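Taking this note's numbering, the leading residue of the sequence shown gets 1109, the next gets one more, and so forth.
Here a beta-carbon is modelled for each residue, glycine too, at the ideal position from N, C-alpha and C.
It should be emphasised that the depicted structure is a prediction, and the values quoted were computed from it without experimental measurement.
Notes to accompany the following structure.
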Amino acid sequence: MAVGKLLELARSKESRLILALDFWEGTSPAELLRGLRGLACGVKIGLLALLKLGPREIVKLIEEFSRDYYFLADFKLADIPGIAKCALSMLRDMGFDGAVTHLFHGGVEEVLQEDVGIDLVGVVAMSHRGSEMLLQNFERLLEYSVDLGLSAVVIGATRPDLLSRAARRLENRALVLSPGVGFQGVEPGEALRRGADFEIVGRSITLSRDPASAARSVVEAHRRWLREGRDSRGAS
Ligand code: BMP
């Protein structure tokens, strides 16, 4: 499983930060990634970055930084298996280590029948208000991710109770990646405390005047949790 790469980077950097590269200002993505080398373990690239940069620039970025970061393609796939498989193999060929898929549309077992050569990360609960239809099916989606044997799942940091429930159910079988920290209001380290393994952070770092220092303060919260708070995970 390529998530081994993510865990190795997390161990060596003593960080649980995945950068969401959607926006940037006054700096190029390459400069941004150069400045965050010692801080972030992963980079999540979605539709906005693809539309702004195009696939070639993204491949260049992945080539330059593939040793420094776990690259996660976040296109939240939700298509029929034949199309999803093809998309995953193209993303793998671009150099991505993992890719995000929705689960609600089903058929993901068919996608996984052959080794797609890329980690599949399933969306179980989203962070935004208005995602009730997913929330109503939280248990089902979580169980589906377990049955599929996914490497990782996404659960919004704005859902602390669900993070704790998922951490108890998954028991380290899959990593929990949690967006919603910073710009969406959750304090750095809070999702880890509730059971996440990684925090996905975008705008509060990428749009900051000093991205490295914004990332450092997130990672400092992670280091405090890694050193002191880990035993109390999911307790509250
Ligand atoms: P920001 O820290 O700027 O709010 O970015 C969060 C990132 O996580 C965005 O890329 C968004 O697409 C993603 N995300 C999210 O915010 N909530 C979810 O439930 C799932 C996501 O992928």
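Between R1124 and F1306, the C-beta spacing is below 7 Å. Not one heavy atom of the ligand BMP lies closer than 6 Å to the C-beta of D1269. Between G1264 and A1233, the CB-CB gap stays under 7 Å. For V1309, the shortest C-beta to heavy atom distance toward the ligand BMP is below 6 Å. E1298 is classed as buried because its beta carbon has at least 16 other beta carbons within 10 Å across all chains shown. Shortest gap from the CB of P1189 to any heavy atom of the ligand BMP: 6 Å or more.
Of the heavy atoms belonging to the ligand BMP, none sits nearer than 6 Å to the Cβ of G1150.
Per DSSP, E1307 lies in no alpha helix (DSSP H) segment; the continuous beta strand (DSSP E) that holds it begins and ends at 1306-1309. S1174 has its Cβ no nearer than 6 Å to any heavy atom of the ligand BMP. In this structure S1136 is exposed. Its beta-carbon is surrounded by fewer than 16 other beta-carbon atoms within 10 angstroms.
Around the beta-carbon of L1159, fewer than 16 other beta-carbon atoms lie within 10 Å, marking it exposed. Contact between A1128 and K1152 holds: CB atoms are separated by about 5 Å, below the 8 Å threshold.
Counted as a single uninterrupted DSSP element, the beta strand (DSSP E) harbouring P1287 occupies residues 1283-1287. Setting aside the 5 residues that flank it on each side, L1270 is surrounded in the same chain by A1233, F1246, I1263, each with a C-beta closer than 7 Å to its C-beta; the list follows chain order. Each residue's CA atom was taken as its position, placing L1258 and L1115 some 15 Å apart.
In the three-state reduction of the DSSP assignment, V1224 falls in the coil class. Where A1128 is concerned, the enclosing beta strand (DSSP E) starts and stops at 1125-1128.
I1191: not part of any beta strand (DSSP E); member of the alpha helix (DSSP H) spanning 1189-1202, first to last residue. A straight-line Cα-Cα distance of about 6 Å links R1302 and P1268.
G1206 places its beta carbon less than 7 Å from that of V1229.
Distances from the CB of S1235 to the heavy atoms of the ligand BMP include at least one below 6 Å. By the neighbour-count definition (other C-beta atoms within 10 Å, threshold 16), H1236 is an exposed residue. Taking all protein chains in view, the Cβ of R1119 is surrounded by fewer than 16 other Cβ atoms within 10 Å, so the residue is classified as exposed.
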